[in-house]
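Q: In terms of this note's numbering, the numbers along the sequence shown are unbroken and rise by one, the last being 110.
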Amino acid sequence: MDWFLIISSGIKIAVITFLIILPLVALSSLAERKVSAFIQDRIGPNRVGIPMTLLGAKKDIPFFGLIQPMADGLKFILKEDFTPKHVRKFYFWLAPALVLVPALLTCG
Numbered sequence: 003m004d005w006f007l008i009i010s011s012g013i014k015i016a017v018i019t020f021l022i023i024l025p026l027v028a029l030s031s032l033a034e035r036k037v038s039a040f041i042q043d044r045i046g047p048n049r050v051g052i053p054m055t056l057l058g059a060k061k062d063i064p065f066f067g068l069i070q071p072m073a074d075g076l077k078f079i080l081k082e083d084f085t086p087k088h089v090r091k092f093y094f095w096l097a098p099a100l101v102l103v104p105a106l107l108t109c110g
C-alpha cells in the first residue's frame, strides 16, 4: 500500500509540473516582455503569427504574441551545440560544471 501512495504521489507531482507549472513559466516570460516593452515605450513581442503573405494573402494572421513562447521553445530545441574540433569534448563540457557546482553549493 505504501508503494502505491509513493508512486501515485510522484505521478501527481509530474502531471502538475508538466501541465501547469511549465506553461506558466512560458507565459510569465511573455508577460515580462510585454511589461518591459510597455515601460520602455516600445512594441513588444507581438510579431509572431502565421505568415499568410507567403501564400498570397494580403495580411498575416496575428496572434498578439501568444505564440512567442512556442517560437522560443522551437528556437531552443533547434539550436546547435557548437564544440570546436580541436578541443577534448569531455573537458570542454566539464569546465562549466566545475565552475558552477561550487558556486551553487554555497547557496545551500
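The beta-carbon is built from N, C-alpha and C at its ideal position, and this holds for glycine as well.
Predicted model, so just to flag it, every value in this text is computed and none were measured.
1) Comparing alpha-carbon positions, which option in V103, F20 and A39 lies nearest G67?
2) Quick one: give me the first and last residue of the alpha helix (DSSP H) that K77 is part of.
3) DSSP beta-bridge partners for I23?
4) F94 and T85: beta carbons closer than 8 Å?
5) Do A28 and P71 count as a contact pair if the criterion is CB distance below 8 Å?
6) In whole angstroms, what separates the C-alpha of L111 from that of S31?
A: Looking at the atomic coordinates:
1) A39
2) Q70 to L80
3) Beta-bridge pairing links I23 to no other residue.
4) yes
5) yes
6) This structure gives no information on residue 111, because the portion of the chain shown stretches from 3 to 110.
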